[in-house]
Amino acid sequence: MYEGHITDVSGIRVGHASDVQGKTGVTVILAPSNGAVAGIHIGGSAPSTRQADSLTPLHIVERIHAICLCGGSAFGLDAAGGVLRFLERNGVGFHYGNMTIPIAPAAAIFDLNFGDSSARPDADLGAEACECASADFVPQGSVGAGTGATVGKLYGVEQGMKGGIGTCSVESKGGLRVGALVVVNAYGDITDLSGRIMAGARTSPQSLEFANAVKALKEGSAEPRKIPMENTTLAVVAVNARLHKIMASRIASQATVGLGRVIRPFHSPVDGDLTIVLGLGEKVYDPTRISLLAAEALQKAVMNAVMSADGFGIIPSWNDTKTRSATP
Numbered sequence: 001m002y003e004g005h006i007t008d009v010s011g012i013r014v015g016h017a018s019d020v021q022g023k024t025g026v027t028v029i030l031a032p033s034n035g036a037v038a039g040i041h042i043g044g045s046a047p048s049t050r051q052a053d054s055l056t057p058l059h060i061v062e063r064i065h066a067i068c069l070c071g072g073s074a075f076g077l078d079a080a081g082g083v084l085r086f087l088e089r090n091g092v093g094f095h096y097g098n099m100t101i102p103i104a105p106a107a108a109i110f111d112l113n114f115g116d117s118s119a120r121p122d123a124d125l126g127a128e129a130c131e132c133a134s135a136d137f138v139p140q141g142s143v144g145a146g147t148g149a150t151v152g153k154l155y156g157v158e159q160g161m162k163g164g165i166g167t168c169s170v171e172s173k174g175g176l177r178v179g180a181l182v183v184v185n186a187y188g189d190i191t192d193l194s195g196r197i198m199a200g201a202r203t204s205p206q207s208l209e210f211a212n213a214v215k216a217l218k219e220g221s222a223e224p225r226k227i228p229m230e231n232t233t234l235a236v237v238a239v240n241a242r243l244h245k246i247m248a249s250r251i252a253s254q255a256t257v258g259l260g261r262v263i264r265p266f267h268s269p270v271d272g273d274l275t276i277v278l279g280l281g282e283k284v285y286d287p288t289r290i291s292l293l294a295a296e297a298l299q300k301a302v303m304n305a306v307m308s309a310d311g312f313g314i315i316p317s318w319n320d321t322k323t324r325s326a327t328p
């Protein structure tokens with residue numbers, strides 16, 4: 001496991017709420033009460049979001065107060081209502097007269113085909129995640145929005161493996177610190193830094209042998225199942241640096257290089273991948289330097305997610321197959 005959490009960046013708190021029976025959940029990233037400058041990069045073809053337009057450079061809102069990541073596909077975006085309710089109750093948001101309007105973008109993964117398809121995160125679960133938020137240790141694996149996450153779905157979930165949620169942080173000279181949190185629900189296989197497959201598509205539902213999705217797709221040696229838009233990697237990066245929205249969005253775009261190193265294939269037509277970057281500092285750093293550190297934190301967070309995952313006895317996890325490997 002790689003060390004560090006996104007909460008190592010001062011001002012960030014993270015909370016999970018899990019529906020273990022339904023195999024879904026919510027993860028909330030809370031910014032300081034005065035908000036954080038944020039930007040977004042959407043690289044997937046099938047994102048499921050709410051209020052994501054507030055993260056774009058042309059939107060008048062400069063700061064956001066929370067991010068809600070959830071399972072349940074479009075239904076799960078209801079969890080964001082509970083996050084807004086929590087923030088409003090605590091006086092966090094933009095103040096207009098006697099009103100408080102929080103900004104809390106949300107993004108969902110499709111996990112309805114893993115657990116109980118009728119179980120979807122709601123506003124109460126979103127509020128619960130906020131109540132649990134802490135600036136300390138962040139649980140990883142099959143918790144919160146990662147509860148029902150799966151990976152390696154070349155041949156569908158039944159021949160895939162368990163994904164989850166992971167986090168990591170890295171620090172550089174001069175006090176620059178970058179933290180990442182990733183919900184890994186990818187179509188592609190997950191590899192380590194050497195390219196060895198850690199978790200991915202298997203040759204059959206009964207087998208622990210990796211099919212090697214990249215090789216199979218490149219060679220045309222296997223016909224992939226016709227998969228609907230049921231895959232997504234949701235990534236959040238926090239940095240203790242002064243950013244503006246355009247810079248945050250550019251860093252989000254560059255940082256996805258780290259995801260592509262360990263998710264193969266990445267940004268497929270059936271993924272809804274997105275990356276959000278939060279700036280929480282006053283010191284100015286080179287944005288390329290930030291991007292390189294963010295890419296490193298993201299790739300390590302992805303590996304932490306699968307190494308911490310629990311298959312709940314439904315499909316294998318990394319812990320079931322860690323003695324096996326394959327090289328793309």
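Just so you know, the sequence shown maps onto residues 1 to 328 in UniProt numbering.
Think of the CB as a built atom: it goes at the ideal place given N, C-alpha and C, for glycine as much as any other residue.
DSSP puts residue i in a beta bridge; with which residues?
{"i": "Thr233", "result": "Val184"}
{"i": "Phe210", "result": "Arg202"}
{"i": "Ala108", "result": "Cys70"}
{"i": "Ala238", "result": "Gly179 and Leu278"}
{"i": "Met161", "result": "Val151"}
{"i": "Asp19", "result": "Thr24"}
{"i": "Ile251", "result": "DSSP output for Ile251 lists no bridge partner at all."}
{"i": "Thr49", "result": "Ala107"}
{"i": "Asp271", "result": "Asn231"}
{"i": "Gly141", "result": "Ile165"}
{"i": "Val14", "result": "Ile29 and Ser134"}
{"i": "Arg264", "result": "Asp189"}
{"i": "Ile197", "result": "Thr191"}
{"i": "Glu171", "result": "Arg177"}
Which residue comes first and which comes last in the beta strand (DSSP E) that contains residue i?
{"i": "Thr191", "result": "Asp189 to Thr191"}
{"i": "Glu128", "result": "Run containing Glu128: none in the beta strand (DSSP E); it sits in the alpha helix (DSSP H), Ala123 to Glu131."}
{"i": "Thr288", "result": "No beta strand (DSSP E) holds Thr288; the alpha helix (DSSP H) holding it covers Pro287 to Ser308."}
{"i": "Val61", "result": "Val61 -> no beta strand (DSSP E), and no H or E assigned at all."}
{"i": "Tyr96", "result": "Phe94 to Tyr96"}
{"i": "Ile40", "result": "Ala36 to Ile42"}
Cutting at 7 angstroms between CB atoms, please list the residues of its own chain near residue i, excluding the five before and the five after it.
{"i": "Thr327", "result": "Residue confidence is low: Thr327 scores 45 on pLDDT, short of 50, so the model does not pin down where it sits. Its coordinate-derived value is still stated next. Here the set comprises Gly195 and Arg196."}
{"i": "Pro139", "result": "His16"}
{"i": "Ser325", "result": "Confidence at Ser325 is low in this model, with a pLDDT of 47, below 50, so its placement is unreliable and the value that follows should be read with caution. Answer for Ser325: Arg196 and Ile197, listed in chain order."}
{"i": "His65", "result": "Ala31, Gly35, Leu87, Val92, Gly93, Pro102, Ile103 and Ala104"}
{"i": "Ala248", "result": "Val37, Ala38, Gly39, Val277 and Gly279"}
{"i": "Asn113", "result": "Val157 and Glu230"}
{"i": "Met1", "result": "Asn304 and Met307"}
With distances taken from CA atoms, which of the options is nearest residue i?
{"i": "Ala108", "options": "Gly25, Val214 and Ile314", "result": "Gly25"}
{"i": "Asp116", "options": "Val277, Glu88, Gly148 and His95", "result": "Gly148"}
{"i": "Ser33", "options": "Ile12, Lys162, Val302 and Leu154", "result": "Ile12"}
{"i": "Asp136", "options": "Asn113, Thr167 and Thr150", "result": "Thr167"}
{"i": "Ile63", "options": "Glu128, Val306 and Gly281", "result": "Note on identity: in this sequence residue 63 is Arg, with Ile being the wrong assignment. Looking at the Cα atoms, Gly281 is the closest of the given residues."}
{"i": "Ile290", "options": "Met1, Val182 and Thr256", "result": "Thr256"}
{"i": "Phe110", "options": "Pro316, Ser73, Met303 and Asp310", "result": "Ser73"}
{"i": "Asp310", "options": "Val237, Gly163 and Gly272", "result": "Gly163"}
{"i": "residue 356", "options": "Val14, Val262 and Ile67", "result": "In the structure displayed, the chain extends from 1 to 328; residue 356 sits before or after that span and is not available."}
{"i": "Lys300", "options": "Ala180, Ala201 and Pro316", "result": "Ala180"}
{"i": "Pro174", "options": "Gly35, Ser317 and Lys283", "result": "This sequence places Gly at residue 174; Pro is not what is there. Checking every option, the nearest Cα to that of Gly174 belongs to Lys283."}
{"i": "Leu278", "options": "Ala104, Val237, Tyr155 and Glu3", "result": "Val237"}
{"i": "Val14", "options": "Gly97, Leu84, Leu298 and Ala133", "result": "Ala133"}
{"i": "Ile60", "options": "Ile246, Gly156 and Asn185", "result": "Ile246"}
{"i": "Thr233", "options": "Leu217, Val239 and Val262", "result": "Val262"}
{"i": "Trp318", "options": "Gly43, Asp271, Thr275 and Gly160", "result": "Gly160"}
{"i": "Asn240", "options": "Ala294, Leu274 and Asp192", "result": "Ala294"}
{"i": "Ile251", "options": "Val28, His41, Met1 and Tyr2", "result": "His41"}
{"i": "Pro47", "options": "Lys218, Gly141 and Asp273", "result": "Asp273"}
{"i": "Ala186", "options": "Asp286, Gly152 and Ser142", "result": "Gly152"}
{"i": "Glu3", "options": "Ser169, Asp320 and Ile315", "result": "Ser169"}
{"i": "Gly82", "options": "Gly220, Asp271 and Ala123", "result": "Ala123"}
Using 7 angstroms as the cut-off, classify the Cβ of residue i as near or not near the heavy atoms of the ligand MG, replying yes or no.
{"i": "Ser117", "result": "Among the ligands in the structure shown, none appear at all, so the ligand MG cannot be discussed."}
Counting C-beta neighbours from all protein chains within 10 Å, is the total for residue i 16 or more, i.e. buried, or is it exposed?
{"i": "His95", "result": "exposed"}
{"i": "Arg89", "result": "exposed"}
{"i": "Ser204", "result": "exposed"}
{"i": "Glu296", "result": "buried"}
{"i": "Val9", "result": "buried"}
{"i": "residue 339", "result": "Residue 339 lies beyond the stretch modelled for the chain, which goes from 1 to 328, so this question has no answer here."}
{"i": "Leu58", "result": "exposed"}
{"i": "His5", "result": "buried"}
{"i": "His244", "result": "exposed"}
Starting from residue i, follow the alpha helix (DSSP H) in both directions and report where the run begins and ends.
{"i": "Met99", "result": "Note, Met99: premise wrong, no alpha helix (DSSP H); beta strand (DSSP E) at Met99 to Ile101."}
{"i": "Ala80", "result": "Ala79 to Arg89"}
{"i": "Asn319", "result": "Trp318 to Thr321"}
What does a CB cutoff of less than 6 angstroms around residue i pick up in its chain, not counting 5 residues either side in sequence?
{"i": "Ser45", "result": "Pro269"}
{"i": "Cys70", "result": "Val26, Gly76, Ala79, Ala108, Pro121 and Ala145"}
{"i": "Asp19", "result": "Gly25 and Ala119"}
{"i": "Phe86", "result": "Ala127 and Cys130"}
{"i": "Ala106", "result": "Arg50, Cys68, Leu77 and Ala80"}
Please go through the same chain and pick out, in chain order, the residues whose beta-carbon is closer than 8 angstroms to the beta-carbon of residue i, but skip the five residues on each side of it.
{"i": "Ile288", "result": "At residue 288 the sequence reads Thr, which differs from the Ile that was named. Correct list, in chain order: Gln254."}
{"i": "Val214", "result": "Gly188, Asp189, Arg264, Pro265 and Pro328"}
{"i": "Ser118", "result": "Gly22"}
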